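Peer 1: Residues -23 to -1, 1 to 816 in mature numbering (1 follows the signal peptide of the UniProt record, and there is no 0) are what the sequence shown spells out, letter by letter. Cβ atoms here follow ideal geometry from the backbone N, Cα and C, with glycine treated the same way. As the structure is a computational prediction, the values presented were derived from the model and not from experiment. Got a structure for you, written out below as structure tokens; questions coming shortly.
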Amino acid sequence: MDWKRILLGSAALAALAGGPAAAQDAETLDLSESEYFEAPGANVLVFSNWYDGLFADSKISGVELIQQGERIATNGDVRLSATPGQWDPIGRMVDRKVDVANGRVEVTLEYPQYDFRYRIVAQEAGEAVKLTVLLDEPLPQALAGKAGLNLEFLPSAYFRQSYFADGKPGAFPRYPAANMVAGGERNAASGRDIGPGAEPLPMATGRTLVLAPNDPARRVTIQSAGGDLALYDGRNQAQNGWFVVRGLLPAGQTGTVAEWTLTPNAVPGWTREPVIGHSQLGYVPQQEKHAVIEMDASDTPAGEVRLLRIDPQGNETVAASGAPQPWGDYLRYGYATFDFSQVREPGLYTLEYRDQRTAPFRIAEDVYENAWHPGMDVFMPVQMDHMLVNEAYRVWHGDPHRDDGRQAPVNHEHIDLYRQGPTTDTRFQPGEHIPGMTVGGWLDAGDFDIRTQTQYAVVRELAHIWDQFRPERDQTLVDHDLRRVEIHVPDGHADIQQQIAHGVLYLVSMYDAVGHAVHGVVEPDVAQYTHLGDAASKTDGLIYDETLEFGERTPTHSGTPDDRWIFTTRASALDYGTAAALAAASRSLKGFDDALAAKALRIAEETWQEEQSRPPFTYSHGNTTGGWLPGEEFTAAAELLNTTGKPQYAKRVAELWPEVSEQAPQYIRTALSVLPRMPAGFRSEVEKAARKIVSAKEPFTGPNPYGVPITTGGWAGNGAIMQSGLTDYAIHKAFPELSDGSGVYRALDYIHGTHPASNLSFVSGVGAQSKEVAYGSNRADFSFIPGGVVPGVLVIKPDYPENQENWPFFWGQNEYVVNMTPAYVALVQSAIDLNRNTR
């Protein structure tokens, strides 16, 4: 078959549809030293990244397309269903071989549970990449009609776009409305717990598919040399589904069983528009002010950057100007900087470079004063579990999880990194209701579990904010008797103290119920875990009774097993972490709720004594059983020392420091907090660690133009960046000769928009332009929760920084986690304090 003729025919179809493809010269895709195929404006990655080990399919692996600066396709691989969900089986990588000289990447993968091994080969083919699936043995019988080569396309990239299937036009639906067929096993990730299985039928089939023929940034052509290609809408199965191109693998054959020619749309001379990184919030007069200009690798700095001052009449004057200073390369882009630190006059400004202009921002003494308000006024109340949360006309959610919770089954590995060990370590039998835990806590993230390790981190950070800054802002009514929260309604109490109390109520309920810290309270199954919207509608709020039929109810019980599970295997790290939070909280609650403060401190001290009386429980699994045990013990000793001043805690702090200091960046804030209660020798040792931290200018990724530690894991690094700022502030307060605290401003500038990929503020609703499509409980509405902080820029290996604003379901980039907002509030409070003391 003449594939060149088919390619030319596809270009002709595009031209007939109004696209410019036929008028452009072809650009070849060549395999680069970065181990991906590239042409101007088009990259094809082949297993440069691997599926997320924590949460399975995170849409960052297989064959992927980056086109005109946006990653539009991923998960090109052999999969076992047409529109796989997050927990569907994924092939395991065995080997990856890259032959740059011959333009070839070969990956060997397997599904060991089916004794099925296959190879995917990607080969340069002019302006295309030829993808081949090779089998040495025929498909296992169990996979006949199931295994197929898939490639998933980002739905938001194809909203309001069209396609051709063998020349027949069609339109991508804005909202899923394709046909489904009932039958088979129900997909666990479908969000349903009743009814049969259901699978989508193809929207179109054909040997040649042309996607978005009239859009140069989205146009992709795929031809199959064998069977038909089918186009599916995975959103019919789940809101986070993608458009999927799929070709079934034939049964009974070996050798080449699938062959696609994949042609992205390269654009000769294409250059990505520069991004002017700057703070969407603005700057205080005396801080350093740097714009970071991110440019295509083929671009070079040219022309001037101008800082324009805007007056009340809309007139503009040039406040500063100059050529951007070349910085060098970082990841796939080149960078230049523009320093306007000398501009201190308060006012409204905008930056201009080439034909771009930023949103207006302020230079003002009070620029940070209100930045933390959305976080405490809205985000933290919205995350409150076991409370109805209302904001004027809107109910964010009803009073959820009144049926908490059931003892988790033993020897059970669960979703979201929860696992129960061989015993319950409680008086309760597996499946038995554990009373007393329907109080307090925050919904962990875009999902609805209460992860204890996160809870005590929130309580500690809020307590430290109260210790250091004592912000008495009151804009939220919290009534635990009525289980009601009213946003924007003052009630005479400081909101931070009320939030601390809410967290403490959950933490102490664990000890009242089972006598020790639990891992958390989490959904019993994937169908409930994927719930979106009102948390109160996720369960029926009635305690499960196995003697009742499914759906049968009494006033207090039901036969529907939707109650969350409580994972209870003893882990000393969790008990120490909880004791630390309770000790810190007891300081903050004095004068607000003295009884709760006393109870918190009593439990903290009793927990410490009990843990010190025996060898530790070292059970560990995932990220739900506490942090590093020596670090958690050190933290507990430090917080108990700060609260009580008792010498036994000072003694243990000193004993643990030599070991803990090996991980000083993580624990230095805690060590610095106890200096007034420790001998001079300890201060000297901590000062050595502080000096080492301050001198380490290039952590994690090494140098970058933003001056912050950008991480490269599967979860983006805003948390680490904020912690670096908080650490610098703590060192400055303890040892002002070592640091001026400017790391606080650098971290805030990064969070507020001076970062790779875009210049949006990563705090929803804070700054002129901010994250407005994020992974919260309202993500299906492509919306946001004000004051939530997203993880930020995820580095897709080897060199692509991404934060996708049009698709909220990338959890590693866009998922709010409840402890991020208190860290941000603490960082803003640090900046306010720095500014007041350095004017």
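Within 10 angstroms of its Cβ, does H465 collect 16 or more other Cβ (buried), or is it exposed?
Peer 2: Numbered from 1 along the sequence shown, position 488 holds the residue referred to as residue 465. By the 10 Å Cβ count, H465 comes out exposed.
Peer 1: By Cβ distance below 7 Å, which residues in the same chain neighbour L57 in space, the five residues on each side in sequence not counted?
Peer 2: For the purposes of this step, residue 57 is taken as the residue at position 80 of the sequence shown. If we look at L57 and ignore the five residues flanking it on each side, its Cβ neighbours are D65, P66, L120, K123, A124.
Peer 1: Three or more C-beta pairs under 8 Å: does that hold for the stretch 625 to 633 against the stretch 603 to 613?
Peer 2: Yes, they touch.
Peer 1: Near I580, which residues of its chain fall below 7 Å by C-beta distance, leaving aside the five closest residues on each side in sequence?
Peer 2: Taking the first residue of the sequence shown as 1, we reach residue 580 at position 603. Within the same chain, I580 has close Cβ partners V485, Y488, L559.
Peer 1: Can you name the start and end residues of the alpha helix (DSSP H) that L128 belongs to?
Peer 2: The count along the sequence shown starts at 1 and reaches residue 128 at position 151. No alpha helix (DSSP H) contains L128, which is instead part of the beta strand (DSSP E) from 125 to 130.
Peer 1: DSSP three-state call for S754: helix, strand or coil?
Peer 2: Position 777 of the sequence shown holds residue 754. If DSSP states are grouped into helix, strand and coil, S754 belongs with coil.
Peer 1: Just to confirm my understanding: we take I49, look at its own chain, exclude 5 residues before and 5 after, and list those with CB closer than 7 Å. What are they?
Peer 2: Here residue 49 corresponds to residue number 72 of the sequence shown, with the count starting at 1. Same-chain partners within the cutoff: L42, F130, L131, A134, R195.
Peer 1: Rounded to a whole number of angstroms, what is the C-alpha to C-alpha distance between A666 and R396?
Peer 2: Along the sequence shown, read from residue 1 onward, the residue named residue 666 stands at position 689. Along the sequence shown, read from residue 1 onward, the residue named residue 396 stands at position 419. Approximately 36 Å, taken between the alpha carbons.
Peer 1: For Q430, tell me which candidate among E523, Q781, V244, G603 has the shortest Cα-Cα distance.
Peer 2: Taking the first residue of the sequence shown as position 1, residue 430 is located at position 453. The candidate whose alpha carbon is nearest that of Q430 is G603.
Peer 1: Quick check: the Cα distance between A215 and Q790, rounded to an integer number of angstroms?
Peer 2: Sequence index remark: in the sequence shown, residue 215 carries index 238 (1-based). Sequence index remark: in the sequence shown, residue 790 carries index 813 (1-based). Distance between the alpha carbons of A215 and Q790: 19 Å.
Peer 1: Which stretch, first to last residue, makes up the beta strand (DSSP E) that contains N20?
Peer 2: In the sequence shown, counting from the first residue as 1, residue 20 sits at position 43. Where N20 is concerned, the enclosing beta strand (DSSP E) stretches over 19 to 23.
Peer 1: Which runs of the alpha helix (DSSP H) fall wholly inside the stretch 537 to 600 and span at least 4 residues, in chain order?
Peer 2: Taking only runs of at least 4 residues, the alpha helix (DSSP H) segments lying wholly in the stretch 537 to 600 are 549 to 566, 571 to 589.
Peer 1: Would DSSP call K145 helix, strand or coil?
Peer 2: Position 168 of the sequence shown holds residue 145. DSSP places K145 in strand when its eight states are reduced to three.
Peer 1: Where T233 and L112 are concerned, what is the direct C-alpha to C-alpha distance, given to the nearest angstrom?
Peer 2: Here residue 233 refers to the residue found at position 256 when the sequence shown is read from its first residue. Here residue 112 refers to the residue found at position 135 when the sequence shown is read from its first residue. Each residue's Cα considered, the two are about 7 Å apart.
Peer 1: Could you check how far apart the C-beta atoms of D451 and H470 are, in whole angstroms? I think they sit under 8 Å.
Peer 2: Walking along the sequence shown from the start, residue 451 turns up at place 474. Walking along the sequence shown from the start, residue 470 turns up at place 493. The Cβ separation is near 6 Å, so the contact holds.
Peer 1: At 3 residues or longer, and completely inside the stretch 313 to 339: list those beta strand (DSSP E) runs for me, N to C.
Peer 2: Listed in chain order, the complete beta strand (DSSP E) runs (minimum 3 residues) inside the stretch 313 to 339 are 324 to 330.
Peer 1: With a 10 Å radius around its C-beta and 16 neighbouring C-beta atoms as the bar for buried, classify I171 as buried or exposed.
Peer 2: To locate residue 171, count along the sequence shown from 1; it is residue 194. With fewer than 16 other Cβ atoms within 10 Å, it is exposed.
Peer 1: Go through its chain and collect everything with a Cβ distance to V651's Cβ below 7 Å, but skip five positions before and after it.
Peer 2: Counting from one through the sequence shown, the residue named residue 651 turns up at place 674. Hits under 7 Å: A615, L618, N619, V630.
Peer 1: Using a 10 Å radius around the Cβ and a threshold of 16 neighbouring Cβ atoms, would you call N814 buried or exposed?
Peer 2: Position 837 of the sequence shown, counting from 1, holds the residue named residue 814. N814 is exposed by the Cβ-count criterion.
Peer 1: For A348, which of helix, strand or coil comes out of DSSP?
Peer 2: Working through the sequence shown from its first residue, we reach residue 348 at position 371. In the structure shown, A348 sits in coil (DSSP, three-state: anything other than H, G, I, E or B).
Peer 1: Just to confirm the assignment, what range does the beta strand (DSSP E) spanning E10 have?
Peer 2: Along the sequence shown, one-based indexing puts residue 10 at 33. Here E10 belongs to no beta strand (DSSP E), and DSSP marks it neither H nor E.
Peer 1: In angstroms, rounded to a whole number, what distance separates the CA positions of G(-15) and T198?
Peer 2: Position 9 of the sequence shown, counted from the start, is the residue given in the question as residue -15. Position 221 of the sequence shown, counted from the start, is the residue given in the question as residue 198. Its pLDDT being 36, under 50, G(-15) is placed unreliably in this model, and the coordinates cannot settle the point.
Peer 1: Give me the Cβ distance between A504 and V794, rounded to the nearest whole Å; I'm assuming they're in contact under 8 Å.
Peer 2: One-based indexing of the sequence shown puts residue 504 at position 527. One-based indexing of the sequence shown puts residue 794 at position 817. Not really, about 22 Å apart at Cβ, beyond 8 Å.
Peer 1: Sorted by chain position, which residues of the same chain lie with C-beta nearer than 6 Å to H389's C-beta, five sequence neighbours on each side aside?
Peer 2: As a working mapping, residue 389 is identified with position 412 in the sequence shown. Q397.
Peer 1: Look at the alpha carbon of R460 and the alpha carbon of L365, and state the distance between them as a whole number of angstroms.
Peer 2: For the purposes of this step, residue 460 is taken as the residue at position 483 of the sequence shown. For the purposes of this step, residue 365 is taken as the residue at position 388 of the sequence shown. Whole-angstrom Cα-Cα distance: 6 Å.
Peer 1: Distance check for G720 and S638, CA to CA, integer angstroms please.
Peer 2: As a working mapping, residue 638 is identified with position 661 in the sequence shown. As a working mapping, residue 720 is identified with position 743 in the sequence shown. Distance between the alpha carbons of S638 and G720 is about 21 Å.
Peer 1: Taking Cβ positions, are V269 and P680 nearer each other than 8 Å?
Peer 2: Start at 1 with the first residue of the sequence shown, and residue 269 comes out as number 292. Start at 1 with the first residue of the sequence shown, and residue 680 comes out as number 703. No; because the gap between Cβ atoms is not below 8 Å, this pair is not in contact.
Peer 1: Could you check if residue 817 is buried or exposed, using at least 16 other CB atoms within 10 Å of its CB as the buried criterion?
Peer 2: Nothing about residue 817 can be reported from this structure: the residues present for the chain run from -23 to 816 only.
Peer 1: Return the residue from the list V663, R654, P653 that minimises the CA-CA distance to E636.
Peer 2: Residue 636 sits at position 659 when you count from the first residue of the sequence shown. Among V663, R654, P653, the Cα nearest to that of E636 is on V663.
Peer 1: Between which residues of its own chain and G160 is the CB-CB distance below 8 Å, once the five residues before and five after are set aside?
Peer 2: Here the question's residue 160 lines up with position 183 in the sequence shown. Hits under 8 Å: P173, G174, A175, E176.
Peer 1: Does the Cβ-Cβ distance between V323 and E346 come in under 8 Å?
Peer 2: Here residue 323 is taken as the residue at index 346 of the sequence shown, counted from 1. Here residue 346 is taken as the residue at index 369 of the sequence shown, counted from 1. The sequence given here has Pro at residue 323, not Val. No. Outside cutoff.
Peer 1: Is the separation between the beta-carbon of H363 and that of P386 shorter than 8 Å?
Peer 2: On the sequence shown, position 386 is the one that residue 363 refers to. On the sequence shown, position 409 is the one that residue 386 refers to. No. Outside cutoff.
Peer 1: Do V498 and M414 come within 8 Å of each other at the CB atom, strictly closer than that value?
Peer 2: Residue mapping note: residue 414 aligns to position 437 of the sequence shown, counting from 1. Residue mapping note: residue 498 aligns to position 521 of the sequence shown, counting from 1. Yes. Within cutoff.
Peer 1: Straight-line CA distance for A166 to R223?
Peer 2: Taking the first residue of the sequence shown as position 1, residue 166 is located at position 189. Taking the first residue of the sequence shown as position 1, residue 223 is located at position 246. Looking at the two C-alpha atoms, the distance is approximately 20 Å.
Peer 1: Only counting the same chain, and skipping five residues up and downstream in sequence, which positions put a Cβ closer than 8 Å to that of L606?
Peer 2: Counting from 1 along the sequence shown, the entry for residue 606 is found at position 629. S549, A550, Y553, P593, T595, listed in sequence order.
Peer 1: How close, in whole Å, do the beta carbons of V766 and Y801 come, if the pair is a contact with beta carbons under 8 Å?
Peer 2: Walking along the sequence shown from the start, residue 766 turns up at place 789. Walking along the sequence shown from the start, residue 801 turns up at place 824. Sure, about 5 Å apart at Cβ, within 8 Å.
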